[in-house]
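Position one of the sequence shown corresponds to residue 1 (full-length UniProt numbering), numbered consecutively onward.
Cβ atoms here follow ideal geometry from the backbone N, Cα and C, with glycine treated the same way.
Only one structure is covered here, and it is reproduced in the block below.
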Amino acid sequence: INFSMVFFMWTYLDRKCTCTSDTPKQGTAQQAGQQKPPDEEQRSSTVTPLDNIYNLPNTMITLVFRDFEPFEHDLVETIRSFHMVFPHMPIVLFADTHPYPPLRFPADEFGHNVSVVSLNKEPSDSSNRTKLERLLKTDYVLFAPDSVRFTQPAVITDMVKHIFKHTRDIVAIRVAGEKARCLDVEADLREWTLIYKEKSSSLRCDALLGDHLLLVKTSMVLDLSDALARPFPEAFFIQTALRNIQTHVLPEHVVKTGKTLFTTDHLRQKRRRLEEARRVDLYDRFGIKKVHQAGGELRWYGCDRTTTRCFGTVVDETPEYLYRGRWTPPCCLENLRKTARYVFRILDHCHVRYWLEGGSLLGAVRNHDIIPWDYDVDIGIYRDDIEKCQWLKNARKQSVIDSDGFVWEQATEGDFLRVQYSQTNHMHVDIFPFYLKEGGVMTKDTWFASHRQDCEFPEAYLKPLTKILFAGVYAAAPNNATQFLELKFGKGVVEKPQYPNPEVLKLARS
C-alpha cells in the first residue's frame with residue numbers, strides 16, 4: 001500500500017477515533033473495580049491507529065449485489081474474489097424473491113459475512129426486515145455486477161479517496177471487456193419524460209451503460225426513494241440525476257471479468273424479457289411515459305389506441321395529474337394531436353367551416369400546440385355545415401366507429417359532437433355547432449357556466465377564417481386571434497398562462 005493510501009487511511013481513522021472521549025470512561029471503570037483481563041489490556045496497549053489501516057475497507061464498505069439472475073449467475077466465484085482480498089467486508093445480495101436454486105455460501109469459507117435478502121415481503125415479515133438502514137451500517141456501499149474478479153485493493157483505495165474529497169460524487173470503475181458509455185440524463189417528471197444523450201467526455205456522467213463497480217456514500221443511498229429498483233443501475237441513475245448527483249469514472253483502473261453468462265439464445269431472450277418487464281414496471285412506478293434513447297430512438301411507455309388514457313374522469317376542470325405537479329402525459333397529448341389532425345382532415349375534405357376554439361386556440365397562439373396541461377381539443381363549426389359531412393350527421397343519431405377506429409358521437413353533456421381516439425382511449429375533440437343570430441353574432445345552444453370563455457362573439461372574426469400552426473398542421477382559426485381570445489378570456493390571457501380552474505388550483509409562477 002503506497003504512501004498516499006497510508007496517509008488517507010490514517011486521516012480517516014483519526015476522524016473516526018474516539019480515544020480522547022473514552023479516557024475518562026476507562027478511568028471510571030477502573031475505579032469501579034471493572035478491570036480488563038491482563039491479555040486484553042496488553043493487546044490494547046500495543047495497538048496503534050496504523051495497525052488498523054489494512055482492516056479499514058472491511059469496516060468502511062458494504063459490498064452489495066443487485067443485478068443478477070438466479071437462473072444464470074457467477075456469484076459464488078465473484079464474491080470469493082472479493083472475500084479473499086477483504087475477508088471481513090460485509091456482503092449483501094438483494095434479490096426480488098428468495099433465489100431459486102438457493103444461493104449457498106459455506107460458513108467455513110465465507111464466515112457469516114454474506115447475507116441474501118429477499119425484497120419480497122411475506123405477510124408474516126416484520127416491516128424492518130428489508131429496511132436499508134438496518135442492512136447498510138457502513139459509511140460506503142460498493143455496488144458490484146455479477147461475474148467479475150476483484151484482485152487489487154488499490155482500486156478501493158482510490159475510489160474512497162475520491163469520494164473523501166468529492167462527497168457528492170459516485171465513483172465508478174469499468175469492468176474489462178465492457179464498452180463504457182457516458183450519458184447525460186434529463187429527467188423531467190412534470191412532463192413524464194426521460195432524455196438520454198451520449199457525452200463526448202467519459203469521466204463525469206449522469207448515467208453509465210455497461211458493467212461497473214460503483215462506490216456511493218451510504219447516506220446518499222438511503223436518501224433515494226428506491227435505491228434498489230430494477231433494472232439496476234438504470235433506475236439508480238434516474239434517481240441520482242434528479243438530485244444532480246454525477247458519477248466520476250476512474251479511467252486508470254479496470255476490474256477483471258468472470259465467466260461469460262447467458263451464452264444461449266434462450267437465456268439471452270429470457271434475460272431481455274425480464275429486463276424489459278422490469279423497465280415497464282419501473283417507468284409505471286416512476287411516472288415515465290416517454291423516453292428519448294441516446295441513439296435517437298423514441299420509446300413510449302404510456303397509453304395507446306388499445307388502452308385507456310392515463311388519467312380518469314376530470315373533476316372541476318382540474319385533472320388529477322395537476323395535483324401531482326405534473327402536466328398532461330405526453331402519450332395522451334400525442335394521441336390527442338392525432339385525433340385533432342384526423343378531424344381537421346375530414347372536415348376539410350367535407351368543406352365544413354371550422355375554427356379552433358377556447359384553450360385550443362390559446363395554445364395555438366402561445367406555442368402552436370396543445371396547452372401542455374390540456375386534455376381535449378375544442379373547435380367550433382357552422383351548424384348548417386353538419387349536413388355536408390356524413391360522419392357528423394350520423395354521430396347525431398348514434399355513436400359510429402369509422403374505418404380508422406375513431407369514434408364519432410353525440411356528447412352526453414349537451415348539444416355538441418365529440419370524436420374520440422378509440423373506443424377504449426377517450427382522448428377527444430369536442431365540436432361545438434354555432435349559428436348566426438340577429439346582429440351578426442355567433443351563438444349556440446349549450447353553454448358551460450364554469451367556462452368564462454364560453455360566450456357569443458361577432459361573426460366578423462370568422463370572415464375570413466385564417467390558418468395557424470397547431471399540433472403539427474395548419475388548422476383554421478378566427479382572424480385577429482389574440483383579440484378574439486381577449487374577448488373570451490380577458491386582457492393579457494396570451495401572456496399570462498393559468499390552469500383551467502385557478503379557484504381550485506393555480507399555476508405556480510417560476
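Residue i bridges to which residues according to DSSP?
i    : result
W408 : V400, V419
E186 : I195
Y474 : L469
G380 : W355, F432
M442 : L436, F457
E69  : E72
S115 : V92
C205 : T247
A172 : L214, V249
W300 : K290
R80  : Note: R80 sits in no beta bridge, so no partner.
R326 : Answer is none; R326 lacks a bridge partner.
V148 : T257
Could you have a look at residue i and say whether DSSP puts it in helix, strand or coil?
i    : result
I61  : strand
R279 : helix
Y100 : coil
L288 : A small fix is needed here, since residue 288 is Ile in this sequence, not Leu. In the structure shown, I288 sits in coil (DSSP, three-state: anything other than H, G, I, E or B).
K131 : coil
T318 : strand
T257 : strand
L142 : strand
R345 : helix
V493 : coil
R337 : helix
V365 : helix
V160 : helix
V504 : coil
R181 : strand
R309 : coil
E413 : coil
K165 : helix
N394 : helix
F262 : coil
F86  : coil
R273 : helix
M427 : coil
D223 : helix
D385 : helix
C350 : coil
Q498 : coil
Keeping to the same chain, check which residues put their C-beta closer than 7 Å to that of residue i; ignore five residues upstream and five downstream.
i    : result
R341 : A471, G472, V473
C455 : K488
Y301 : V280, Y283, I288, K289, V291
A32  : Residue confidence for A32 is low, a pLDDT of 39 falling below 50, so the modelled location carries little weight and cannot support an answer.
S202 : A180, C182, V249
K437 : T443
Y100 : P70
Cutting at 8 Å between CB atoms, please list the residues of its own chain near residue i, excluding the five before and the five after it.
i    : result
D415 : P433, K444, D445, T446
S399 : V407, W408, E409, Q410
T424 : R305, T306, T307, T308
P37  : Its pLDDT being 47, under 50, P37 is placed unreliably by the model, and the measurement read from it follows with that caveat. Excluding sequence neighbours, P37 sits near nothing in its chain.
V221 : L132, L136, V141, A227
Here's a check: name, in chain order, each residue in its chain whose Cβ is nearer than 6 Å to the Cβ of residue i, leaving out the five neighbours to either side.
i    : result
I58  : It should be noted that the sequence gives Asn, not Ile, for residue 58. Contacts found: F86, H88, M89.
N113 : P90, I91
S81  : R149, F150
S118 : A95, T97, H98
A29  : Reliability of the predicted coordinates at A29 is poor, the pLDDT of 40 falling under 50, and no value is obtained from them.
R66  : F94, L228, F232
Quick one: using the 10 Å Cβ neighbour count with 16 as the cut-off for buried, is residue i buried or exposed?
i    : result
A508 : exposed
G325 : exposed
K161 : buried
H212 : buried
F71  : exposed
F448 : exposed
Q502 : It should be pointed out that residue 502 corresponds to Pro in this sequence rather than to Gln. Flag for P502 reads exposed.
Y354 : buried
E252 : exposed
N335 : buried
R418 : buried
Q498 : exposed
I431 : buried
Counting Cβ pairs, one atom from each stretch, are 3 or more of them under 8 Å apart for the segment 388 to 398 and the segment 346 to 362? When Cβ pairs closer than 8 Å are counted between the two stretches, the segment 388 to 398 is seen to touch the segment 346 to 362, the count reaching three or more.
Is it true that the segment 241 to 256 meets the segment 163 to 178, where meeting means three or more beta-carbon pairs spaced less than 8 Å apart? By the C-beta criterion, the segment 241 to 256 is judged to be in contact with the segment 163 to 178, since at least 3 inter-stretch pairs fall below 8 Å.
Does the segment 180 to 197 come close enough to the segment 264 to 274 to have 3 or more Cβ pairs within less than 8 Å? The segment 180 to 197, when compared against the segment 264 to 274, does not touch it at the 8 Å Cβ threshold.
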